[in-house]
Amino acid sequence: MRNDVVQRALREVPLIAALYLAYAGGRVVAARLTGPAFDHAESVWSFERWLHLPSEHSVQQAALHWQALVEFFDSYYAGVHFPATVAALVWLFVWHPERYPWFRRTLAWLTGFALVGHVLYPLAPPRMLAGHGIVDTAHVYGQSVYGPVGTGVANQFAAMPSLHVAWAVLVALAVVRVARGPWRWLAVLHPVTTVAVVIVTGNHYWLDAVVGCALLVLALAITRSRAFTVPVGAVAAAAARTVSVAREHAWPMMRFVVVGGASTLLSVVIFVPLLALMPSAAANTVAAIISTLASNEANRSWVFRSDRGGLLPRVAAAGTVLISYVATTGSLLVLDLTVPHASATLELTVMLAASAVAGLARYVLLGLHIFPSAPAADAAGDPLEAAGAGGSGGAESATRTGGAVLAAHGAGSPARTQSNALSMASSSAP
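First residue of the sequence shown: 46, per this note's numbering; consecutive thereafter.
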């Protein structure tokens with residue numbers, strides 16, 4: 046067993062070292078991007094009060110009556126966070142190697158997500174806020190691990206999300222899931238104590254802990270597996286399936302994007318001359334209705350090659366436009382609540398990201414449910430299909446039969462339908 050541990054350690058230590066260097070480098074980069082950190086802090090403080098969360102100030106004031114408790118919390122903040130996580134890594138690596146990859150991957154995903162948050166949303170901790178009465182307890186009692194702002198490798202503006210809390214929850218989860226016996230439940234005290242520590246010492250907000258736990262859930266969802274490991278065959282199959290789906294939807298998605306751009310252009314072309322005849326709100330409504338109807342017809346006939354007509358599918362397709370409106374408007378409202386003085390660049394980024402997500406949702410709804418492909422019609426109308434059939438009546442029959450079978454099984458894109466139909470026709474031709 047000792048030789049096995051040593052051999053695995055020789056392979057694992059360079060990987061852990063590389064991950065740690067990436068983590069440290071990411072924190073150094075994030076430490077240089079702290080411009081709006083204090084504006085974000087005021088926004089988080091106001092948002093928490095809007096949610097009626099207990100004030101970090103009131104919690105800290107209650108704890109300050111016990112100096113020994115506060116000093117213990119300062120020591121816990123400085124000395125337990127990193128060693129406890131390393132201890133969990135070593136414990137799993139040596140005594141539970143089958144569970145170790147799950148923990149390491151989850152930790153890597155979680156830390157990567159957190160670093161992105163530190164870069165995109167720099168946030169000053171409560172102890173740096175002026176006017177709210179938060180005390181830097183570690184500085185008061187001479188236990189601070191931080192130097193002056195801007196010195197050292199520590200990023201003091203990385204409050205959101207809280208890796209102290211997220212790592213502590215992950216460590217407790219690993220102990221509870223892997224260890225045996227009732228004593229394992231004592232591990233839950235680690236994240237509970239950590240939450241109290243980061244609040245009392247003025248290093249984090251309640252929302253930092255909430256966002257950290259949310260990112261942990263996301264990391265666990267990515268790495269979850271029944272055996273805590275993913276077989277190589279499963280990875281290869283998933284990769285092959287991903288490539289297949291990407292190829293299947295590449296051209297329909299490109300056509301969908303083209304239709305979206307053309308619809309926007311058509312709306313502008315209609316809107317501008319109508320301004321001379323009616324108020325801008327009315328002109329915008331007319332332009333939106335016409336461009337929406339035109340784009341839905343283009344999506345039905347050209348993007349998805351669907352033969353489904355009638356009023357109901359068209360109404361449903363028009364309704365999907367509301368997804369974009371709700372996504373973009375809702376995202377901007379949330380941004381306004383959390384970042385009252387957001388820059389125009391940030392607002393544009395949020396709007397474009399919301400539009401992209403909403404567009405993908407519309408593509409799925411339109412292609413799978415509202416305007417599903419018509420395989421037989423597509424195959425019959427394609428010149429390549431006719432060439433593959435070679436003009437044979439038997440081949441045409443096989444093509445129609447193949448299209449019907451694919452339709453019965455819910456075949457998706459035109460490209461895949463044509464390929465399958467061609468294969469059937471060729472194998473049936475005399």
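Don't be surprised by glycine CBs; every beta carbon is placed ideally from N, CA and C.
Chain C contact for residue i (CB, 7 Å cutoff)
i: residue 88; result: The chain labelled as chain C is not found in the depicted structure, where only one protein chain is given.
Backbone CA spacing between residue i and residue j [nearest angstrom]
i: residue 374; j: residue 184; result: 43 Å
i: residue 246; j: residue 109; result: 10 Å
i: residue 50; j: residue 139; result: 6 Å
i: residue 209; j: residue 126; result: 6 Å
i: residue 120; j: residue 131; result: 17 Å
i: residue 285; j: residue 134; result: 32 Å
i: residue 370; j: residue 403; result: 9 Å
i: residue 432; j: residue 357; result: Unreliable placement is indicated for residue 432, whose pLDDT of 39 sits below 50; the coordinate value is still reported in the next sentence. For residue 432 and residue 357, the distance between alpha carbons rounds to 37 Å.
i: residue 342; j: residue 359; result: 8 Å
i: residue 323; j: residue 339; result: 22 Å
i: residue 414; j: residue 226; result: 50 Å
i: residue 448; j: residue 398; result: Legend: pLDDT at residue 448 = 40, less than 50; position of this residue unreliable, no value from coordinates given.
i: residue 251; j: residue 187; result: 25 Å
i: residue 291; j: residue 308; result: 25 Å
i: residue 96; j: residue 256; result: 15 Å
i: residue 93; j: residue 353; result: 50 Å
i: residue 99; j: residue 220; result: 30 Å
i: residue 417; j: residue 237; result: 51 Å
i: residue 355; j: residue 263; result: 41 Å
i: residue 345; j: residue 401; result: 20 Å
i: residue 300; j: residue 312; result: 18 Å
i: residue 248; j: residue 204; result: 7 Å
i: residue 62; j: residue 244; result: 31 Å
i: residue 351; j: residue 368; result: 22 Å
i: residue 362; j: residue 327; result: 22 Å
i: residue 218; j: residue 65; result: 22 Å
i: residue 405; j: residue 302; result: 10 Å
i: residue 310; j: residue 372; result: 21 Å
i: residue 240; j: residue 230; result: 17 Å
i: residue 171; j: residue 383; result: 16 Å
i: residue 68; j: residue 200; result: 12 Å
Buried or exposed (CB count within 10 angstroms, at least 16 for buried), residue i
i: residue 54; result: exposed
i: residue 112; result: exposed
i: residue 58; result: exposed
i: residue 163; result: buried
i: residue 143; result: exposed
i: residue 376; result: buried
i: residue 325; result: exposed
i: residue 169; result: buried
i: residue 267; result: exposed
i: residue 124; result: exposed
i: residue 151; result: buried
i: residue 469; result: Confidence at residue 469 is low in this model, with a pLDDT of 38, below 50, so the placement of that residue should be treated as unreliable; the coordinate-derived value is given next. Per the 10 Å Cβ criterion, buried.
i: residue 90; result: buried
i: residue 145; result: buried
i: residue 306; result: exposed
i: residue 128; result: exposed
i: residue 295; result: exposed
i: residue 174; result: buried
Contact under 7 Å by Cβ, residue i with residue j
i: residue 253; j: residue 189; result: no
i: residue 117; j: residue 167; result: no
i: residue 410; j: residue 365; result: yes
i: residue 137; j: residue 148; result: yes
i: residue 348; j: residue 288; result: no
i: residue 235; j: residue 213; result: yes
i: residue 261; j: residue 211; result: yes
i: residue 122; j: residue 233; result: no
i: residue 141; j: residue 223; result: yes
Which residues DSSP lists as bridging residue i, in chain order
i: residue 168; result: 203
Residue i Cβ short of 6 Å to the ligand SAM heavy atom set
i: residue 255; result: The model depicted lacks the ligand SAM and carries no ligand whatsoever.
Within the chosen definition, does the region 315-328 reach the region 384-393 through at least 3 CB pairs nearer than 8 Å?
Contact between the region 315-328 and the region 384-393 is absent, because fewer than three Cβ pairs lie under 8 Å.
Stretch-stretch touch, CB-based, cutoff 8 Å, three pairs: the region 152-160 with the region 79-88
Not touching, per the Cβ criterion.
Any chance the region 97-105 sits against the region 171-181, with 3 or more Cβ pairs inside 8 Å?
The region 97-105 makes contact with the region 171-181; the number of CB pairs closer than 8 Å reaches 3 or more.
Are the region 391-405 and the region 326-339 in contact at 8 Å, needing three or more beta carbon pairs?
Touching, no, given that fewer than three Cβ pairs across the two stretches are closer than 8 Å.
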